[in-house]
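As structure tokens, the structure follows; a few thoughts come after it.
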Amino acid sequence: MPYGKGRAGQAAPLPSEQAFTGQALDTSTGLMYYGARYYDSSLGRFIQPDTIVPQPGNPQNLNRYSYVNNNPLRYTDPSGHCPWCIAAPIGALIGAGIGYGTQVYGNLNSGMQLNAALTTDIDRGKIAAGAVLGATAVLAAPFAIAAAGEALMGAGVAANSAALFSTGIATAGAATKLSSLVYGAASAAPAIAESADGIIQGGGKRWGPYTGAGPIGEENAKLFRSASYTEIKVPEETTLYRVYGGNARQISNWWSRTQPSGPMQARIDSAIDPSWGNTIESVATIRVPAGTTIYEGFASEQGGLGGGGNQVYMYGVNPAWLVEP
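Here is the structure:
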């Protein structure tokens, strides 16, 4: 079966704008949008060629329409490109150069002439080790910087220091941008119902730059990534969550299907700008009745926070839907 194609006859899960590996489904064409190009699940192929051939010596890479070297059980393609295929070799090249250069520098310091220093007692193992370290450093850098950002934000909360917290936000934002460069555009892990094989089916009415801001208006639409969201009538009772505190109320138009695992995760995934006054001290839970219309998409970046988490906007939230903790 082609990668990402729904199984015939399976029960339809909750409607969503996310499809195979969390990509946006264009319901008008049935294609999945990967940022750089569109993917056709009925063919198991992209419909435009990749502009990058990361490994020309690998025959699988010469088919620029294929999906992750025809190995979807091991790899995913978040952006329609393979940025890490470029970033890792660049890091390896830099690391190998450092491994070679330090040996040449040592030779020169020992009194050798340049021509002799370039070739005498050069250990290829050290060059290879430098290449491995360089590639690893490039691939690991976004995660290390993100961890540092979370630590700084946590320290800021503990010490009640706005300066520390702001530094943490800036660090986390830098990690998000670096991650996009190394791994491609980030795609949020879908926090909605999936089919038995993990494939999420699309549904509802799609709103975005080409179809208009839709029923929630332009200002609210901008708070969704790419100002795009899906209008859905939930087919069954649905649980939604909201973090709040400080100036933020318990009942609001903004919710998420994702149950918060902690304040830092909630602030980053939902891009809750501290200037809004939401101290995210508490979590509200509601159960939305079947047939209720919601507007769902990914949170857009705000104030240096990456966003990308599941986000739901809805009108007329009934306080009676609240679930007591």
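Residue numbers (the numbering used here): 1324 to 1648.
Just so you know, even glycine gets a beta-carbon here, dropped at the ideal spot from N, CA and C.
With contacts defined by Cβ atoms closer than 7 Å, A1589 and I1603 form a contacting pair.
Across the structure, Y1567 and G1353 are spaced so that their CA atoms are roughly 37 Å apart. Short of 6 Å from the beta carbon of T1562, and not among the five residues preceding or following it, lie these beta carbons of its own chain, in chain order: R1610. With 16 or more other Cβ atoms inside 10 Å of its own Cβ, T1553 counts as buried. Taking C-beta separations shorter than 6 Å and ignoring five residues to either side along the sequence, the partners of F1369 in its chain run R1360, Y1362, Y1388, following chain order. Sequence-distant partners of A1439 (beyond 5 residues in either direction) whose C-beta falls short of 8 Å from its own C-beta, in its chain, are N1430. Secondary-structure assignment with DSSP links S1605 through a beta bridge to Y1567.
Contact check for A1454 against G1424 fails: the beta carbons are separated by 7 Å or more.
Annotation for D1349: M1355, Y1356, Y1361, R1529 place their beta carbon closer than 8 Å to its own, counting only its chain and skipping 5 residues before and after. Rounded to whole angstroms, the gap between the alpha carbons of T1616 and R1572 is 21 Å. Per DSSP, the beta-bridge partners of E1619 are T1553, V1635.
Using a Cβ distance threshold of 7 Å, Y1636 and I1539 count as a contacting pair. Counted as a single uninterrupted DSSP element, the stretch harbouring L1348 is not any alpha helix (DSSP H) but the beta strand (DSSP E) occupying residues 1347 to 1349. Counting along the chain, R1590 sits inside no beta strand (DSSP E); it lies in the alpha helix (DSSP H) bounded by residues 1586 to 1592. Its chain contains L1487 as the residues whose beta carbon lies nearer than 6 Å to that of A1478, once the 5 sequence neighbours on both sides are disregarded; these appear in chain order. Counting the other CB atoms within 10 Å of its CB gives F1466 a total below 16, which places it among the exposed residues. Under the 10 Å beta carbon count, P1612 is surrounded by fewer than 16 other beta carbons and is classified as exposed. If the five residues before and after M1435 are omitted, its C-beta is found closer than 7 Å to the C-beta atoms of T1443, all from its own chain and listed in chain order. For N1601 and I1595, the gap between their C-alpha atoms comes out near 7 Å. Within the DSSP bridge table, the entry for R1368 names D1363, S1389 as partners. For A1471, same chain residues with a beta-carbon under 6 Å away, outside a window of 5 residues either side, are T1494 in chain order.
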